[in-house]
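Asker: For reference, the structure I am asking about is given below.
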Amino acid sequence: MKFSEQWLRGWVNPQVSRDELVARLSMAGLEVDSVTPAAGQFSGIVVGEILATEQHPDADKLRVCQVSNGADTFQVVCGAPNARPGIKIPFAMIGAELPGDFKIKKAKLRGVESFGMLCSAAELQISEENDGLLELAADAPVGQDIRQYLNLDDASIEIGLTPNRGDCLSLAGLARDVSALYDVPVTRPVVPAVPATHDEVRSVEVSAPAACPRYLGRVIRNVDLSKPTPLWMVERLRRSDVRSIDAAVDITNYVMLELGQPMHAFDLAEINGGIRVRMAEEGEKLVLLDGQEVALRADTLVIADHTRALAIAGVMGGEHSGVNTEKTRDLFLESAFFEPISVAGKARSYGLHTDASHRYERGVDSQLAREAMERATALLLEIVGGEAGPIVEAVSEQHLPNIAPITLRDERITQMLGLQMDAAQVEQLLNALELKTSANGAGQWTVTVPSHRFDISLEVDLIEELARLYGYNNLPVRYPQARLAPQGKPETRGELPNLRRLLVARGYQEAITYSFIDPKLFELFTPGVEPLVLANPISNDMAAMRASLWPGLVKAMQHNLNRQQDRVRLFESGLRFVGQLGDLKQQPMIAGVVTGSRLPEGWANGRDGIDFFDVKADVEALLGYSGALSDFSFVAGQHPALHPGQTARIERDGKEVGYLGAIHPELAKTLGLDRPVYVFELVLGDVVEGRLPKFSELSKFPETRRDLALIAGRDVASSSVLEVIRDNAGEWLTDLRLFDVYQGKGIDPDRKSLAVGLTWQHPSRTLNDDEVNETLQNILTSLEQRLNTTLRK
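Sequential numbering of the sequence shown, starting at 1, is according to full-length UniProt numbering.
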């Protein structure tokens, strides 16, 4: 929101400096982003009038002008294309100083003397327009100082409002807050009802009352749009960053800035029949005021007549029904309340953002439409003439917002703010914001919330208002106090920070990526799954909620690869979103992406690339953190984003808890990856859930070890072999490890050799060879029967 300081002080004028006002607004939650002077620093420039012009004798693009300052006439050479007799312009006389310490002196241009300079708006730093002289109103007093005439000792103040403070997107709302902050009265413009002087009306039908609970329309006949917008209004609009177009549009914009109610003026001649507020027909075409043709969707509220759509409600009007200064003689003036949810995101979905949509999406006072209509009508009749008809209103009371009264407790104020406010101060601060208070006794009030404060619905909202007006910097500094009972911590459950430290110790770096991703990227990693799409995304490539952490991690990896970081190891912990609203599952996950060399570059390190088993070791370290590694198993699996031959499904007691593997070659090609990339993703809850360690007394007796060389089928998983061995090795087995895998010369091509080491240790005696040999025989028999695996000869 950008506004003129002078305009605000016309409403409410606390006796403080500009700097103090800006600081107080920021401390009250209305953060000031910038303060810009209304014009540059200059002096000696007056209103001048060009009396006569003639062509420069030696320059085609220069004219010799005779300019009056009200007392004398001066010869000025000017190159502006609009320099002509009869217009009034800023005249910098000799001795004047322009912005940039540029002093005007007597000059000679192509042999012709010039006694001053005629100025454009850009040369005075009023605006960036530099295509000609700044033309002033015909009644501008010749000889008056231009700063005084244009009220240029002013500043444009820009406020960055949070979305809940839509009530301050107007001078009325800002003045209300400033009045409450400084306890000074507000001087509102008088808005009397404009009596109808004719009886012409257009019918108004609202077929979507939930989206448009209130719609007002009025016919204004015989307007003269050739009349210019008054200078005072043009300047207020300019200092609010709104460009002047014509009187009708300027007045509706002015009322929007002044009161906060967006309005629109239609050319009455272009309306067929009456007004219909309805939902658009799917694919219905509309050419907007900016010349863009859009195909409307069925969920878009439109203003239409009996034959076609005229405007996207709360966003922008159509070109064919827009006001035209040359042909428009009669207006249909619109003022409405649109329910915020019904218009939220519609402008963005059509690639638009307008002042009206900005306000309607944040909420407009549902009771403001009639006052704005009367204000705009009065300004139109004053500036462009015309005759006003009666106001036609369609309203659905049941769909209008209704804020229930709120109970405010003194003890709650003290608890949250840390200070005791007396009742009179509470009432004074809230009443200043037009929040009506009624004391209930025993330190309680019933507070009635006005229609313009649609962001207040809870007791804490009222307390926030008290803190804001009292001054955050005036609140006492106290340490929070609470009686907290210690909570038990399950000893079998691990902690995420420890998992993070474990991965960092293994060479990973933590990444934090967005939870919303490009729908196209979503489809690449989880084809065939319907994404949860945001109704109002930040951008089109951030519109889907992620169903996996891999897309964000792979993009982060690509970002690093594109900056010459060849060895990348990233991990992330966060939520994935599975399903749709009503059946949405938000699941904490931990995932990683790895590419590049196995070891950092160094004289003692090889240059071998990372492989599947390197990443599997990292995953096993994560799974083993909880002390329950034996509960997990790696099973050959299939995943649409992973390589068919390098994919492992990770299970815990038969339940799927994650995946590990290499990125699918087709996906890698689509993403532009020319190197092996490995990823893993695990359900965090299953990783941190572990076992409580138990102490076992150390045995004093010697270990017994046997090594077996086994011949197994090429497709037999080593984990299956180890599982059979473990099932038959007896209770005294203390260690089992696979230490060699061989395929090649001397081995059947369809088979492989596995070398395993078994270690036994009895807690109370030494095991004898017969016991060990018997156990080995049982193991070999089971391996042959279950897996067709035999001892290597």
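Ideal Cβ placement from N, Cα and C applies to all residues, glycine included.
Please report the residue range of the alpha helix (DSSP H) in which Lys669 lies.
Answerer: Here residue 669 refers to the residue found at position 669 of the sequence shown. Start and end: Pro665 to Leu671.
Asker: Taking the alpha-carbon of Arg714 as reference, which of Asn788, Ile87, Glu465 and Glu97 has the nearest alpha-carbon?
Answerer: In the sequence shown, residue 714 corresponds to position 714, counting from 1. The candidate whose alpha carbon is nearest that of Arg714 is Asn788.
Asker: Can you check which of these residues, Leu682, Ala309, Ser43 and Val594, is closest to Pro676 by C-alpha distance?
Answerer: Walking along the sequence shown from the start, residue 676 turns up at place 676. Of the listed residues, the one whose Cα sits closest to Pro676 is Val594.
Asker: Between the segment 709-728 and the segment 753-768, are three or more C-beta pairs nearer than 8 Å?
Answerer: yes
Asker: Within its chain, find whatever has a CB closer than 7 Å to the CB of Gln367; leave out the 5 residues flanking it on each side and keep chain order.
Answerer: Indexing the sequence shown from 1 puts residue 367 at position 367. The beta carbon of Gln367 sits closer than 7 Å to the beta carbons of Ser451 from its chain, once the five residues preceding and following it are set aside; these are given in chain order.
Asker: Which term fits Pro213, buried or exposed, when burial requires 16 or more other beta carbons within 10 angstroms of its beta carbon?
Answerer: Along the sequence shown, read from residue 1 onward, the residue named residue 213 stands at position 213. Buried, since its Cβ has 16 or more Cβ neighbours within 10 Å.
Asker: If I measure Cβ to Cβ from Leu575 and keep anything under 8 Å in the same chain, skipping five residues before and after, which residues do I get?
Answerer: For the purposes of this step, residue 575 is taken as residue 575 along the sequence shown, with counting starting at 1. The answer, listed in chain order, is Ser515, Gln586, Gln587, Pro588 and Met589.
Asker: Note the first and the last residue of the continuous alpha helix (DSSP H) segment covering Thr781.
Answerer: Taking the sequence shown and counting its residues from 1, one reaches residue 781 at position 781. Where Thr781 is concerned, the enclosing alpha helix (DSSP H) stretches over Asp769 to Leu787.
Asker: Under 8 Å between the Cβ atoms of Val364 and Gly166?
Answerer: Here residue 364 corresponds to residue number 364 of the sequence shown, with the count starting at 1. Here residue 166 corresponds to residue number 166 of the sequence shown, with the count starting at 1. Taking 8 Å as the Cβ cut-off, Val364 and Gly166 qualify as a contacting pair.
Asker: Pick from Ala265, Arg202, Asp224 and Arg243: whose alpha carbon is nearest that of Gln276?
Answerer: By 1-based counting over the sequence shown, the position of residue 276 is 276. One detail in the question is off: residue 276 reads as Arg in this sequence, not Gln. Closest by alpha carbon: Arg202.
Asker: Suppose you measure from the CA of Lys108 to the CA of Ser114; what does that come to, to the nearest Å?
Answerer: Locating residue 108 in the sequence shown gives position 108, counting from the first residue. Locating residue 114 in the sequence shown gives position 114, counting from the first residue. Straight-line Cα distance between these residues: approximately 6 Å.
Asker: Give the secondary structure of Lys436 by DSSP, where H, G and I count as helix, E and B as strand, and everything else as coil.
Answerer: As a first step, residue 436 must be located in the sequence shown, where it is residue number 436. Residue state, collapsed to three classes: strand.
Asker: Out of curiosity, what's the CA-to-CA distance linking Lys2 and Leu8?
Answerer: Here residue 2 refers to the residue found at position 2 when the sequence shown is read from its first residue. Here residue 8 refers to the residue found at position 8 when the sequence shown is read from its first residue. Their Cα atoms are separated by approximately 11 Å.
Asker: Given a threshold of 16 other Cβ atoms within 10 Å of its Cβ, counted over all protein chains shown, does Phe613 qualify as buried or as exposed?
Answerer: Position 613 of the sequence shown holds residue 613. Exposed, by the Cβ-count rule.
Asker: With DSSP collapsed to three states, give me the class of Ser720.
Answerer: Here the question's residue 720 lines up with position 720 in the sequence shown. Correct three-state label for Ser720: helix.
Asker: Output needed for Asn253: all residues of its chain with C-beta closer than 7 Å, excluding positions within five of it in sequence on either side, in chain order.
Answerer: Mapped onto the sequence shown, residue 253 falls at position 253. The answer, listed in chain order, is Leu237 and Val242.
Asker: If you compare alpha carbons, which of Val554, Leu767 and Ile512 is closest to Leu524?
Answerer: In the sequence shown, the residue the question calls residue 524 occupies position 524. Nearest to Leu524 by alpha-carbon distance, out of Val554, Leu767 and Ile512, is Val554.
Asker: Distance check for Thr670 and Lys793, CA to CA, integer angstroms please.
Answerer: Translated into positions along the sequence shown, residue 793 becomes position 793. Translated into positions along the sequence shown, residue 670 becomes position 670. In this structure, the straight-line span from the alpha carbon of Lys793 to that of Thr670 is close to 49 Å.
Asker: I'd like to know if the segment 306-319 and the segment 330-349 are in contact, where contact means that at least 3 CB-CB pairs between them fall below 8 Å.
Answerer: yes
Asker: Roughly how many angstroms lie between the CA atoms of Ser396 and Glu205, to the nearest whole one?
Answerer: The residue you call residue 396 lines up with position 396 of the sequence shown. The residue you call residue 205 lines up with position 205 of the sequence shown. Going by the C-alpha atoms only, they are around 11 Å apart.
Asker: Indicate whether the contact test is met: 3 or more Cβ pairs, each with one atom in the segment 740-749 and one in the segment 676-692, closer than 8 Å.
Answerer: no
Asker: State the beta-bridge partners of Arg221 as determined by DSSP.
Answerer: Working through the sequence shown from its first residue, we reach residue 221 at position 221. Bridge partners of Arg221: Glu387.
Asker: Measure the alpha-carbon distance for residue 795 versus Pro37 and round it to whole angstroms.
Answerer: Because residue 795 is not part of the residues shown, which for the chain are 1 to 793, the question remains open.
Asker: Cβ of Ala298 within 8 Å of Cβ of Glu281?
Answerer: Taking the sequence shown and counting its residues from 1, one reaches residue 298 at position 298. Taking the sequence shown and counting its residues from 1, one reaches residue 281 at position 281. A contact, by the Cβ cut-off of 8 Å.
Asker: Between Glu681 and Ser548, is the Cβ-Cβ spacing less than 8 Å?
Answerer: Position 681 of the sequence shown, counting from 1, holds the residue named residue 681. Position 548 of the sequence shown, counting from 1, holds the residue named residue 548. Yes; because the gap between Cβ atoms is below 8 Å, this pair is in contact.
Asker: Per DSSP, what kind of secondary structure is Ser753 in: helix, strand or coil?
Answerer: Residue numbering aside, residue 753 sits at position 753 when the sequence shown is read from its first letter. Reduced to three states, the DSSP call for Ser753 is strand.
Asker: Give every residue of the same chain whose Cβ lies closer than 8 Å to the Cβ of Ile463, excluding the five residues on either side of it in the sequence, and list them in chain order.
Answerer: By 1-based counting over the sequence shown, the position of residue 463 is 463. Here the set comprises Leu408, Arg412, Ile413, Met416 and Leu417.
Asker: According to DSSP, is Leu8 part of a helix, a strand, or is it coil?
Answerer: Working through the sequence shown from its first residue, we reach residue 8 at position 8. Leu8 falls in the helix class under three-state DSSP.
Asker: Whole angstroms is fine: what's the gap from Glu672's alpha carbon to Gly552's?
Answerer: For the purposes of this step, residue 672 is taken as the residue at position 672 of the sequence shown. For the purposes of this step, residue 552 is taken as the residue at position 552 of the sequence shown. The sequence shown places Gly at residue 672, not Glu. Cα to Cα, Gly672 sits roughly 15 Å from Gly552.
Asker: Based on DSSP bridge pairs, tell me the residues matched to Ser640.
Answerer: Your numbering for residue 640 matches position 640 in the sequence shown. The sequence given here places Pro at residue 640; Ser does not occur at that position. DSSP, once it has assigned bridges, lists no residue as partnering Pro640.
Asker: Please report the distance separating the alpha-carbon of Leu257 from that of Met263.
Answerer: Numbered from its first residue, the sequence shown carries residue 257 at position 257. Numbered from its first residue, the sequence shown carries residue 263 at position 263. Cα-Cα distance, rounded: 11 Å.
Asker: Could I get the ranges of all uninterrupted beta strand (DSSP E) runs contained in the UniProt domain "B5" (401-477), with 3 residues as the minimum, in chain order?
Answerer: 406-409, 436-439 and 444-448
Asker: Within its chain, find whatever has a CB closer than 7 Å to the CB of Pro209; leave out the 5 residues flanking it on each side and keep chain order.
Answerer: To locate residue 209, count along the sequence shown from 1; it is residue 209. So the list reads Ser396 and His399, once near-sequence residues are dropped.
Asker: Using a 10 Å radius around the Cβ and a threshold of 16 neighbouring Cβ atoms, would you call Thr492 buried or exposed?
Answerer: The residue given as residue 492 occupies position 492 in the sequence shown. Exposed is the call here.
Asker: To the nearest angstrom, how far is the alpha carbon of Val447 from that of Cys119?
Answerer: Here residue 447 corresponds to residue number 447 of the sequence shown, with the count starting at 1. Here residue 119 corresponds to residue number 119 of the sequence shown, with the count starting at 1. Rounded to the nearest angstrom, the two C-alpha atoms are 56 Å apart.
Asker: Compute the Euclidean distance between the alpha carbons of Lys700 and Thr734, then round it to the nearest angstrom.
Answerer: In the sequence shown, counting from the first residue as 1, residue 700 sits at position 700. In the sequence shown, counting from the first residue as 1, residue 734 sits at position 734. Straight-line Cα distance between these residues: approximately 14 Å.
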